[in-house]
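Counting from 1 along the sequence shown, just add 5 to a position and that's the residue number in our numbering.
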Amino acid sequence: MYLCICKAVSDQQIRQAIREGVRTVGEVSARFGVGTECGKCLDSISEYVDACLAAPPEVPAPALALPPITQPAPPAAATDTAPVQTAWFAIDL
């Protein structure tokens with residue numbers, strides 16, 4: 006969702022900036038230019054920054070354990086040879 010319409014800055018962009026170290030509305034404004042046009046977004050952005058900083062940090066989901074890699078079984082020795090098959094098609098005429 007857009008938090009600053011004038012500069013087209015979304016909540017996801019601000020959340021990413023917070024992950025990268027932004028901690029204040031002033032830093033958000035310096036990075037994205039929010040609040041420099043009409044200023045109506047500053048209260049919402051301030052609340053959003055505070056909420057993001059108060060929330061526990063996002064922890065990435067643990068990687069799934071993959072089964073061990075095993076070597077494929079060697080092909081079975083061919084005891085019978087396959088019969089030779091011939092076929093014809095209309096294009097072979």
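Even glycine gets a Cβ: it sits at the ideal position worked out from N, Cα and C.
| Query | Result |
| --- | --- |
| For Val14, the three-state DSSP class (helix, strand or coil) | strand |
| Cβ pair count under 8 Å reaching 3, the region 38 to 53 against the region 70 to 81 | no |
| Under 7 Å between C-beta atoms of Cys11 and Glu42 | yes |
| For Val54 and Val30, believed in contact at Cβ under 8 Å, the rounded distance | 6 Å |
| Straight-line gap, Pro61 to Ile19 (C-alpha atoms, nearest Å) | 16 Å |
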